[in-house]
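Written out below as structure tokens is the structure these notes cover.
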Amino acid sequence: MIIQASKRILTVLLPLMLIAGCGNGNEEQSFSGQTDSDTIVLSSQSAGIITSVLVDEGTSVEKGDLLAEIDTERLELQRQQQAAQLDGIEARIQAALSQIDQAKEELSLSEETLAKTEKLLPQGGATQQRRDELATQVGVGRSKIRGLKANYDLLQAQKKELLAGMKLTNIAIRDSSISAPIDGVVLNRFHEAGELAATGTPLFELADLSSLTVKIYVPLAQLPALRIGSEVSIMVTGSEKRLTGKVEQIADESEFTPKTILTKETRETLVYEVKISVPNPGGLLKIGMPVDVYL
Numbered sequence: 000m001i002i003q004a005s006k007r008i009l010t011v012l013l014p015l016m017l018i019a020g021c022g023n024g025n026e027e028q029s030f031s032g033q034t035d036s037d038t039i040v041l042s043s044q045s046a047g048i049i050t051s052v053l054v055d056e057g058t059s060v061e062k063g064d065l066l067a068e069i070d071t072e073r074l075e076l077q078r079q080q081q082a083a084q085l086d087g088i089e090a091r092i093q094a095a096l097s098q099i100d101q102a103k104e105e106l107s108l109s110e111e112t113l114a115k116t117e118k119l120l121p122q123g124g125a126t127q128q129r130r131d132e133l134a135t136q137v138g139v140g141r142s143k144i145r146g147l148k149a150n151y152d153l154l155q156a157q158k159k160e161l162l163a164g165m166k167l168t169n170i171a172i173r174d175s176s177i178s179a180p181i182d183g184v185v186l187n188r189f190h191e192a193g194e195l196a197a198t199g200t201p202l203f204e205l206a207d208l209s210s211l212t213v214k215i216y217v218p219l220a221q222l223p224a225l226r227i228g229s230e231v232s233i234m235v236t237g238s239e240k241r242l243t244g245k246v247e248q249i250a251d252e253s254e255f256t257p258k259t260i261l262t263k264e265t266r267e268t269l270v271y272e273v274k275i276s277v278p279n280p281g282g283l284l285k286i287g288m289p290v291d292v293y294l
């Protein structure tokens, strides 16, 4: 399956900075935002009819859980055909090896006979014609072995190509079972059983809710107090329970005010996006919840 990382785009509430006391710079300040989560889209790498969809939207899943299956009948038949072809090539390879061994034995005999004939030739124990015939026989034998070895190499190349094809078939069969790559929640189910899934067809969108993110927008005056890794308190709107988050990212550029307008009056309206990660082991936070972040 193809896994494509994405980010849910959620509207973030504009910051409402609440400054308590007389504003001596050390008072707790709050900014409003919404929870967000990284998501992944699971897509099929195999084309076929979806035979089963095993989860609904909102279902919590664990890594490795089977989510859907795509029909593999054609792929199974293809694998059987490839297995039969492999058996045929293996048999031809064994036959080629036997032919090479036999040709080597015949060549060895011809070479021995030629060597004896050449020794007898000076004494008149053999004729030049016989010697030439044996030399020709040796040359033919060597040529035959070269041809048999070339055929053997070709069969080995065909076997290698077939094994690669079988590997791809096995991968396609494996990928026809769509499993969850992470612990998470099914946000969207894009297709139903009986529908045709082409290669690359999105099937599910999953979210990892073990850790959520919150984006807030901090004015320039408060920005120097923040650092990557700084801890902040987070409270869900309507709840008294506070969670602890960490600053994960601080934007390098401001928003909402044109960069060219940097007068003393407008400088204080510049805001910077701050991304905060919030562990969510108990599942208290849900995507899109309004929260207050306290700095």
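Under numbering that gives the first Met the number 0, the first residue of the sequence shown carries the number 0, and numbering increases by one thereafter.
All C-beta atoms in this analysis are idealised placements derived from N, C-alpha and C, irrespective of residue type, glycine included.
Being a predicted model, the structure only gives us computed values, none of them experimental.
**Study point:** Same chain, Cβ closer than 7 Å to Thr236, neighbours up to 5 away in sequence not counted
**Key:** If you ignore the 5 residues before and after Thr236, its C-beta comes within less than 7 Å of the C-beta of Pro289, Val290 and Asp291, all in its own chain and listed in chain order.
Check your understanding: Between Ile217 and Val273, which are expected to be in contact by the criterion C-beta below 8 Å, what is the C-beta distance as a whole number of angstroms?
Key -> A small fix is needed here, since residue 217 is Val in this sequence, not Ile. Approximately 5 Å separates the beta-carbon atoms of Val217 and Val273; this is inside 8 Å, confirming the contact.
Practice item. Confirm, please, whether the CB-CB distance from Asp174 to Glu61 is below 7 Å. Key: Taking a C-beta distance under 7 Å as the contact criterion, Glu61 and Asp174 do not qualify as a contact pair.
Exercise for review: Counting only the same chain and skipping the five closest in sequence on each side, list residues whose C-beta sits under 8 Å from that of Leu161.
Suggested key: Gln81, Gln84, Leu85 and Ile88
**Study point:** Straight-line gap, Val219 to Thr243 (C-alpha atoms, nearest Å)
**Key:** Checking the sequence, you will find Leu at residue 219 rather than Val. So the two alpha carbons sit approximately 23 Å from each other.
Check your understanding: Any idea which residues DSSP pairs Gly123 with across the strands?
Key -> Bridge partners of Gly123: none, in fact.
Check your understanding: Excluding five sequence neighbours on each side, which residues of the same chain lie with their C-beta closer than 8 Å to the C-beta of Gly199?
Key -> Ile1, Ser42, Ser43 and Gln44
Check your understanding: Just to confirm, are Glu105 and Gly138 a CB contact at a threshold of 7 Å?
Key -> Inclusion of Glu105 and Gly138 in the CB contact set at 7 Å is not warranted, their separation being larger than that value.
Point to revise | Separation of Ala224 from Arg241, as counted between CA atoms | key: Near 21 Å, if we compare the C-alpha coordinates of Ala224 and Arg241.
Check your understanding: Leaving out the 5 sequence neighbours to the left and right, which residues in its chain are closer than 6 Å to Gly78 when beta-carbon positions are compared?
Key -> One point to set straight first is that residue 78 is Arg, not Gly, in the sequence displayed. The residues are Thr168.
Check your understanding: Are Ala171 and Leu66 closer than 7 Å when you measure CB to CB?
Key -> no
**Study point:** Straight-line gap, Arg188 to Ala196 (C-alpha atoms, nearest Å)
**Key:** 13 Å
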